[in-house]
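Under our numbering, the first residue of the sequence shown is numbered 2, with each subsequent residue one higher.
Here a beta-carbon is modelled for each residue, glycine too, at the ideal position from N, C-alpha and C.
Computed from a prediction, not measured in an experiment: that's the story for all the values here.
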Amino acid sequence: EKEVSRDAEKERDELAKELGAYRTEATARAEVQTALETQRDAAAARASSAEGRAVRADEALGRQSQEFEAHESSLAAREAEAERKLADVEAAAASRVAAAERAAA
């Protein structure tokens, strides 16, 4: 029973760690996107002498935004799958613990 609980807890901790990594990656990507938006805004402010750069930065931001959106969707799907696996592990562990308790009784 303790071993089953320990194994379930270990797997839960690993999945939680994976979720944390996904969220950290998403946060880092959001920071990059914010920096790109800041760059674009600065380029737009200098538009009189740097119109070409502003246009290129805006195009790059558009491309990057599309890539981020695709990656965010992928992260959300992976996070949902990890959460589903975690729920499955917790349910299986609870079932095994209940079975062990019934067997012990």
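Return the CA-CA distance between ASP14 and LEU62, expressed in angstroms with no decimal places.
ASP14 and LEU62: Cα-Cα distance of roughly 37 Å.
Just confirm the distance between the C-beta atoms of LEU16 and LEU87, as a whole number of angstroms; I'd bet it's less than 8 Å.
Contact holds; Cβ gap of about 4 Å.
For GLN34 and ALA58, which I take to be in contact (beta-carbon distance under 8 Å), what is that distance rounded to the nearest angstrom?
Not really, about 13 Å apart at Cβ, beyond 8 Å.
Tell me, please, whether the segment 3 to 14 touches the segment 22 to 36 by the rule of three or more beta-carbon pairs shorter than 8 Å.
The segment 3 to 14 is not in contact with the segment 22 to 36.
Identify whether GLU2 lies in helix, strand or coil by the three-state DSSP scheme.
Correct three-state label for GLU2: coil.
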